[in-house]
Amino acid sequence: MSILFHFDIDAFFASVEVLLNPSLKGRPVIVGGSTQRGVVSTASYEARKYGVHSAMSTHMARQLCPNGIFLDGNFNAYRDYSKQVFKVMYSCTPHIEKVGIDEGYLDVSQLILQSNRDSLDQAHVQKKAMDLAQKLKDQVKESTGLTISIGISYNKFLAKLASDWKKPDGLFVIPQGEAQDLLDPLPILKVHGLGKKTAQKLNRLGLFTVKDIRLLGEVNLGYLIGDTWARDLYPKLCGIDPRPIVTYYERKSYGRETTFSSDTTDLNLLKGVLSDFLTEIHASLMQKHLLAKTLTIKVKYYDFTQHTHSHSLASATDDLGFLKSTLEEVLLQIDLESPVRLIGISLSNLSGSSEKQLSIFDHL
Ligand code: TTP
Ligand code: MG
């Protein structure tokens, strides 16, 4: 079974504005166009008490909250803060799917279950997951000043629902045995993906909760909201969501190549170029907390014939010295006497290095 986290920064743009100008703390901050024709991007929780929310016209927001502090927004700052938050997440695991500027999914199954081989007792697993999530929350708070909410569950749909459950600064778990009981009484609108209009239509038919529409069955629900939508939604109402986490290292390899302005047989030049490329690629891998197992060199000769030479190591590594000596070994196998037009190197067979680089998490 998977253990997934969904995290989402609380009132993201507004919270960054408060960090940039602490005198705004505790006040109704509304980001998204100080002009009358603007649209609200987000509002601080203080402003939400007045009914202000994302996508509302600024005109309406001003009517609801005349004392609101309306700001245009500072996208470079939002991007920087987002990067810092994701950096904390990547220090925990490379198994991350970024969904938006302020949210993402983490697959922590390996981390939790590996450090827990001795006991697969559910309560124990849950405690470990909560401890890890709390550590991430603390780390984000400490390094950025932002609060995030984390939801923990065994699929994406439930993890996202859980992160919303106790916002702001929330932490909530939906364990397998409790999912249906938690889902059933929820108002239809709480189900991610169901729009307001559809919810109103269902309400008019006397259907108000998840249980109400679940009991219709998929086919009947299809008559009301359309087959395609029902097919997607119905399993979720039953706590089922098979969507996998799609991590960046779906990307299979990292590489660089270059074409020389004139063909060359200079072995030192070729070695130097590849060695520099390897240093660069290695830096990208380190940034993403990845290990590589296979090193490949590609050579295109003056006559456009092309050869690739690969070498797979016994185990994946991020040791640059070792990779460089592997590079030299592979180079020995290549014909570098014919003039070379293009040369390139790539690292592939990638895997996460979280187990090695956990630092603050490794005592979990
Ligand atoms: P959200 O995570 O939806 O909202 P939020 O972070 O402001 O509040 P919370 O998560 O606590 O409910 O969106 C993240 C940011 O994306 C938000 O701060 C501003 C931006 N955004 C828009 O610009 N327009 C929108 O309609 C929405 C929903 C968000
Ligand atoms: Mg958010």
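For this note's numbering, count along the sequence shown from 1 and bump the result up by 831.
Here a beta-carbon is modelled for each residue, glycine too, at the ideal position from N, C-alpha and C.
1) How would you write the range of the alpha helix (DSSP H) that Asp-1107 sits in, first residue to last?
2) Under a three-way DSSP split, which group does Gln-965 fall into?
3) Three-state secondary structure (DSSP) at Arg-858?
4) What does DSSP give as the partner residues of Leu-1014 in its beta bridges?
5) Kindly provide the chain-ordered list of residues whose Cβ lies closer than 7 angstroms to any non-hydrogen atom of the ligand MG.
6) Spell out the partners DSSP gives His-1142 in its beta bridges.
7) In the DSSP assignment, the beta strand (DSSP E) including Arg-1172 goes from what residue to what residue?
8) Mind checking whether the beta-carbon of Ala-886 lies closer than 7 angstroms to any heavy atom of the ligand TTP?
9) Can you give the Cα-Cα distance for Gln-957 and Phe-917, rounded to whole angstroms?
10) Cβ of Thr-1139 within 8 angstroms of Cβ of Leu-1178?
11) Is it right to say Pro-1018 is buried, meaning 16 or more other beta carbons lie within 10 angstroms of its own, or is it exposed?
12) By a C-beta neighbour count over all protein chains shown, 10 Å radius and 16 as the cutoff for buried, is Met-832 buried or exposed?
13) Using 8 angstroms as the cut-off, can you tell me whether the region 1010 to 1024 makes contact with the region 989 to 1000, which would need three or more C-beta pairs spanning the two stretches below that distance?
14) By the three-class DSSP mapping on this structure, what secondary structure does Thr-1040 have?
15) Locate the alpha helix (DSSP H) running through His-890, then write down its first and last residues.
16) Whole angstroms are fine: how far does the CA of Arg-1172 sit from the CA of Ser-1092?
17) Let me check one thing: in DSSP terms, what residues is Ile-979 bridge-paired to?
18) Would you kindly work out how many angstroms separate the C-alpha atoms of Lys-1129 and Arg-1074, rounded to a whole number?
19) Assuming Tyr-772 and Thr-975 are in contact, meaning their beta carbons sit under 8 angstroms apart, how far apart are those beta carbons, in whole angstroms?
20) From the DSSP output, which residues share a beta bridge with Gln-1137?
21) For Leu-1109, which residues in the same chain have their Cβ closer than 7 angstroms to its Cβ, ignoring the five residues on either side in sequence?
22) Assign Lys-929 to one of three DSSP states: helix, strand, or coil.
Straight from the coordinates:
1) 1098 to 1118
2) It is helical.
3) Three-state DSSP puts Arg-858 in coil, outside helix and strand.
4) Answer by DSSP bridge pairing: none, since Leu-1014 is not bridged.
5) Asp-839, Ile-840, Asp-841, Ala-842, Phe-843, Asp-933 and Glu-934
6) Leu-1126
7) Run containing Arg-1172: 1171 to 1179, per the beta strand (DSSP E) assignment.
8) yes
9) Approximately 23 angstroms, taken between the alpha carbons.
10) no
11) exposed
12) exposed
13) By the C-beta criterion, the region 1010 to 1024 is judged to be in contact with the region 989 to 1000, since at least 3 inter-stretch pairs fall below 8 angstroms.
14) strand
15) 889 to 895
16) About 8 angstroms.
17) Ile-840
18) 36 angstroms
19) The structure shown has nothing for residue 772, since the chain only spans 832 to 1195.
20) Lys-1131
21) Leu-1154, Lys-1155, Leu-1158 and Ile-1176
22) Assigned with DSSP and collapsed to three states, Lys-929 falls in strand.
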